[in-house]
Structures are given as C-alpha cells and as structure tokens.
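Numbering (the working numbering), first residue to last: 2 to 260. For each residue, glycine too, the CB sits at the ideal point set by N, CA and C.
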Amino acid sequence: MLLAIDIGNTNIEFGVFEGETLLRSARLGTNRDATSDEIGIFIRQFLLLHGIDHQKVEDVIIASVVPQIMYSMNNAIRKYLGKTALVVGESVPYYVANHYDNPAQVGADRLVNVLPAVKKYGAPLIIVDFGTATTFDAVSREGAYEGGAIYPGVKLSMDALAQKASKLPQVAIDDPGVLIGKNTVQSMQVGAVYGYVGAVENICRRMKQELGEDAKVIATGGLATMIAAQTGEIFAVDKTLTLTGLQMIYAAHCKEKAE
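This is the structure:
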C-alpha cells in the first residue's frame with residue numbers, strides 16, 4: 002500500500018492506495034506548529050478507523066507547499082510508520098516538462114496535477130485548483146507545464162473583505178441563487194460566487210487564446226463543484242487529482258528504479 006500526502010496551506014490530504022485504486026482519504030487542517038506526534042497519531046488513527054494495518058503501508062510520498070511543517074511530517078512518518086517519505090521535487094522528480102522561467106517557483110501540487118489530468122482527459126488542458134489561492138495552470142498538447150495564473154482564493158478574499166470593511170460580516174460561501182442580493186449576506190455571496198465564475202470564465206478563455214487551442218478545463222479543490230455548476234467553461238471536476246498524481250509519480254519512480 003502507498004500513503005500519499007498532499008500538504009496545502011489550509012488542509013493536508015491523506016490518501017491510501019492499493020495499486021492505482023484510492024481506498025480511503027482524509028483531511029487534516031494544516032497547523033505549521035503541529036508536532037510529529039500529533040501528525041503521527043492522526044495517521045495511525047486514520048488507518049485504524051478504516052481497518053488498514055499501518056505495517057502494510059510500504060511507501061509514503063508527499064507533495065508540499067508548506068516547508069515549515071516538513072520536519073514534523075517526516076519525523077512522524079519515520080516514528081509511526083517506520084518509513085522515509087519520498088518528497089516530489091526533492092527525492093522524486095515530477096516527470097513533467099516545466100517551462101516556467103524559474104521551475105523551482107511552481108507549487109508542488111500544480112505540477113503533480115499535470116500527469117493525472119493529461120492521462121484522464123488528454124491535452125491541451127487548463128487545470129483550475131480552488132484552494133487557499135485559486136490557480137490556473139496551462140498544459141500544452143505535448144503535456145508540458147507552460148505556466149499559469151494565481152488568483153486569491155474565494156475564502157481568502159471573503160475573509161479579507163470582512164476584516165477590512167467594518168460593517169461586513171463573515172459569511173458562508175454558498176450559492177445565493179440570485180444575482181440581485183436583497184441583504185448584506187446575500188449580496189456578499191453573489192460577489193463571491195458569481196464574481197469567481199466570471200474570473201474563471203475570463204481567465205480560461207484568454208488562456209485558450211494564448212495557447213492557440215481549445216483546451217479542456219479541469220477543476221479541482223474544495224469549491225470546484227459549486228463554481229463548475231454555474232459555468233459551462235469547466236469540462237470536468239476531479240477532486241482526487243492531486244492524490245492520483247502522487248500515485249502516478251510513485252509508479253513512474255518505481256518503474257525507473259526497476260529499469
């Protein structure tokens with residue numbers, strides 16, 4: 002079995018694979034001050050809850066955009082699973098051509114998403130990941146990472162609005178079902194949801210023009226389903242894209258070692 006771990010700024014996602022099959026997954030809020038014991042106990046409890054013997058975990062692979070937590074995470078893996086984790090971009094390559102000016106500046110999750118997206122949906126592609134930031138990533142017909150855009154995440158934007166505008170409250174990010182809000186909460190939800198729909202449509206259309214091809218748009222991340230329901234621009238929603246990408250990178254790494 003393989004334990005795949007995607008460490009994001011807001012959440013850490015864990016997935017257990019048997020071959021190419023994702024058996025179970027779980028999320029833990031990202032705490033940069035978490036100890037190795039806290040992380041390790043969560044992992045053991047997650048496995049135990051789903052009847053998975055931790056000794057059957059043969060390898061661990063990690064993608065991370067939070068360097069501050071990696072010391073505790075690596076120690077947790079060693080202490081509670083007896084393994085040394087593979088880290089994409091460090092001990093394992095991405096197996097994706099990266100055409101960014103400085104390839105090291107691209108977030109690990111953005112590159113990990115490329116392999117599974119190309120395999121499932123073909124290329125060219127635009128991958129939109131609704132996380133702490135909303136990222137737009139362009140993939141060429143050859144499957145190379147060409148670059149993209151970084152946009153403030155929906156929740157991040159709404160939190161900032163509530164903090165900076167004294168009369169505006171914190172609101173749940175839900176589809177209000179109307180475009181003309183009749184109260185403050187509804188009006189803020191209109192801006193959050195439909196403003197983001199407009200941003201997604203505009204950025205994706207312009208990216209397609211720059212790519213010179215009618216690329217499919219694949220969405221992932223927490224709010225992908227809600228935004229996708231409001232636009233015809235998104236071809237598919239794939240919530241397990243990053244975990245699947247980690248499994249594919251691990252498989253490529255094992256094949257390379259065997260050869």
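### Nearest neighbour of V61, chosen from E260, K258, Q248, A253 [CA to CA]
Q248
### Secondary structure of L87, DSSP reduced to three states
strand
### Query
Between the region 54-71 and the region 82-89, do three or more beta carbon pairs fall short of 8 Å?
yes
### F236 - DSSP class collapsed to helix/strand/coil
coil
### Query
Count the other CB atoms within 10 Å of the CB of Q190; is the residue buried (16 or more) or exposed (fewer)?
buried
### Query
Using CA coordinates, which residue listed in M71, Y251, L50 is at the minimum distance from A27?
L50
#### Entry: Nearest-angstrom Cα separation, counted from S158 out to K256
43 Å
### Task
Step through the CB atoms of chain B and report whether any lies within less than 8 Å of the CB of Y96.
Absent from the structure: chain B. Only one protein chain is present.
### Query
Between V198 and the rest of its own chain, which residues show a CB-CB distance below 8 Å, the 5 nearest in sequence each way excluded?
I228, Q231, T232
### Query
Thinking C-alpha only, which one of L180, P153, V186, L48 is nearest K168?
V186
#### Entry: Local conformation of N10 per DSSP, three classes
coil
### Task
Please determine, among D102, Y95, I70, the residue with the shortest C-alpha to C-alpha distance to A35.
I70
### Task
Figure out for me which residue from D138, L82, E21, R25 has the closest Cα to the Cα of G41.
L82
### Query
How is the alpha helix (DSSP H) around S141 delimited, first residue to last?
Per DSSP, S141 belongs to no alpha helix (DSSP H) and is neither H nor E.
#### Entry: DSSP beta-bridge partners of K120
None; K120 has no bridge partner.
### Query
If you count every other CB in all the chains shown that lies within 10 Å of the CB of A225, and 16 or more means buried, which is it?
buried
### Query
Does DSSP put A5 in a helix, a strand or coil?
strand
### Task
Note down the Cα distance separating G52 from Q46, rounded to an integer number of angstroms.
10 Å
### Task
Specify the secondary structure class of P153 as computed by DSSP and reduced to three states.
strand
### Task
Using the Cα positions of S188 and V155, report the straight-line distance between them to the nearest angstrom.
15 Å
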